[in-house]
Amino acid sequence: MSWLSRCALPASLPRSSLMARPLKPWWQTTTSSPSTAPPQGTGTGISVYAGRTVPSTHVVSAAKAKADNWGEHRGALTASGWGKLIFEDGFNNGAIDGAKWRVRDKSYVGYDSGVNLKEAVTMGDSSAKIWLKKLATPVTYKDGKLREWATGYIDTMGKFSAESFRLEYRAKQPASNPTQIGAWGGIWMRPNNTALLGEIDISESYGYTSSKQKVDISNRSEGTVHYGQQQGNKAKKSALIPVLGQNLADEYHTWAVEKTPAGIKFFFDGVEYLFVSLEDPRYQAALPAGEQFNIRLCMQAGNAYWGGLAETTADCAIEVDYVRVWEYVG
Numbered sequence: 001m002s003w004l005s006r007c008a009l010p011a012s013l014p015r016s017s018l019m020a021r022p023l024k025p026w027w028q029t030t031t032s033s034p035s036t037a038p039p040q041g042t043g044t045g046i047s048v049y050a051g052r053t054v055p056s057t058h059v060v061s062a063a064k065a066k067a068d069n070w071g072e073h074r075g076a077l078t079a080s081g082w083g084k085l086i087f088e089d090g091f092n093n094g095a096i097d098g099a100k101w102r103v104r105d106k107s108y109v110g111y112d113s114g115v116n117l118k119e120a121v122t123m124g125d126s127s128a129k130i131w132l133k134k135l136a137t138p139v140t141y142k143d144g145k146l147r148e149w150a151t152g153y154i155d156t157m158g159k160f161s162a163e164s165f166r167l168e169y170r171a172k173q174p175a176s177n178p179t180q181i182g183a184w185g186g187i188w189m190r191p192n193n194t195a196l197l198g199e200i201d202i203s204e205s206y207g208y209t210s211s212k213q214k215v216d217i218s219n220r221s222e223g224t225v226h227y228g229q230q231q232g233n234k235a236k237k238s239a240l241i242p243v244l245g246q247n248l249a250d251e252y253h254t255w256a257v258e259k260t261p262a263g264i265k266f267f268f269d270g271v272e273y274l275f276v277s278l279e280d281p282r283y284q285a286a287l288p289a290g291e292q293f294n295i296r297l298c299m300q301a302g303n304a305y306w307g308g309l310a311e312t313t314a315d316c317a318i319e320v321d322y323v324r325v326w327e328y329v330g
């Protein structure tokens, strides 16, 4: 499901330097040395970077990452493919850093039942929480829809963007129990040029499975490259991560994308599960060379395709440990 930006946005916040000091990526592999050629066919592509600590304590083992679960793996770039860290937020300052993020407030989109409020973005325990919270008093805006939920939304528009990069995101996402039905959230990217129709959904989870779905979406997220924003979302390539014992709501997991001149690779806990090639002409039109992409983190209150909220749905949040971006140097 494409996350369009049809809402009025809050004024830009102060800008300052993004990085206090550089943090070099570290390569960890559970299969073979990163200096060897990337595995082909049914092998595994392990690509995990860490900063001050290893990014995930729940790495999917190579033994589980078989072709029947993950499809064809193309491997990952070697460590030499990545340069300096160009963006980092570990959410350790007790407040959202206005030099890195805008916090949306009193804005909304047409296809869910929430309203973006700054109060739905909180900090604590060295993490940011992007909430879905029931409003004490529902509100109605110009579209006439009754909106009963507050949703959190932050982005880096006007503050940070990149063209070719590795982005790594460590978080908990609410998709593990019946109190999270309809909790739609994650991290995604859009071009700075808003006339372009491309979109990269790094990790998009839809809450717990309800009776309305034919696919079990609990404890799963989806990676997607959108070529268009029209209704029906036919112009895209996407894949759900398989269920390999993970609990997305209660455990930290690590998602990553590597966007290079060849295309975009998607990783979950270090294992590649989707590759989208630059060779598709739709890709070239929607995500053209030279275009830079900004980062967005948000929760939304249900959606038409995967279903809305339920009587059991309660307040829940994405809990973000960090977001890091390395530059691509080839």
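All the letters of the sequence shown, read from the start, carry residue numbers 1 to 330 under the UniProt record's numbering.
Using N, Cα and C, we set each Cβ at its ideal position, and we do this for glycine too.
Just so you know, these numbers come straight off a predicted model, no measurement behind them.
In this structure the stretch 166 to 173 lies against the stretch 247 to 258, because at least three pairs of beta carbons, one per stretch, are closer than 8 Å.
Here the C-alpha atom of G228 lies approximately 10 Å from the C-alpha atom of A285.
Rounded to whole angstroms, the separation of the alpha carbons of F275 and N177 is 30 Å. Here the alpha carbon of V243 sits roughly 7 Å from the alpha carbon of R220. The criterion of a C-beta distance shorter than 8 Å is satisfied by Y153 and R104. Excluding the 5 residues flanking it on each side, K265 has same chain C-beta neighbours closer than 6 Å at E258, E272, F275, in chain order. DSSP lists N116, L132 as the beta-bridge partner residues of T151. The three-state secondary structure of Q180, taken from DSSP, is helix. Closest in alpha carbon position to G110, among N303, A310, D315, is N303. C-alpha of P288 to C-alpha of F91: approximately 32 Å in a straight line. Taking all protein chains shown into account, N93 has fewer than 16 neighbouring C-beta atoms within 10 Å of its C-beta and is therefore exposed. With a 10 Å radius around the Cβ and a threshold of 16 neighbouring Cβ atoms, N192 comes out exposed. Restricting attention to G185, R102, A128, the CA atom closest to the CA of D112 is found in G185. Here the alpha carbon of Y322 sits roughly 28 Å from the alpha carbon of Y283. Assignment of Q300 by DSSP, reduced to helix, strand and coil, places it in the strand class.
As for any beta strand (DSSP E) of minimum length 3 sitting wholly inside the stretch 197 to 264, the runs are 199 to 207, 222 to 226, 236 to 240, 253 to 260, ordered along the chain. In the DSSP assignment, Y273 falls within the unbroken beta strand (DSSP E) covering 271 to 277.
If you draw a straight line from the Cα of I217 to the Cα of R102, it is about 30 Å long. Here P174 carries a coil assignment [DSSP, helix/strand/coil].
Assignment of beta-bridge partners to P191 by DSSP yields F293. Burial check for Y206: the Cβ neighbour count within 10 Å reaches 16 or more, so the residue is buried.
The beta-carbon distance between G114 and T151, rounded to whole angstroms, is 4 Å. This is short enough to meet the 8 Å contact definition. Between L167 and E291, the C-beta gap is not smaller than 8 Å, which leaves the two residues out of contact. Between E327 and G83, the CB-CB gap stays under 8 Å. Here DSSP, grouped into helix, strand and coil, assigns P288 to coil. Taking C-beta separations shorter than 7 Å and ignoring five residues to either side along the sequence, the partners of E319 in its chain run S127, K129, A171, K172, following chain order. For M299, the closest alpha carbon among the candidates T122, G81, E88 is that of T122. Annotation: L117 to M157 spans about 17 Å, alpha carbon to alpha carbon. Separation of P138 and G144 (C-alpha to C-alpha, rounded to the nearest whole angstrom) is 12 Å. For I318, the enclosing beta strand (DSSP E) has its first and last residue at 316 to 328. For Y169, the three-state secondary structure derived from DSSP is strand. Distance between E148 and E204, taken at the CA atoms: about 22 Å.
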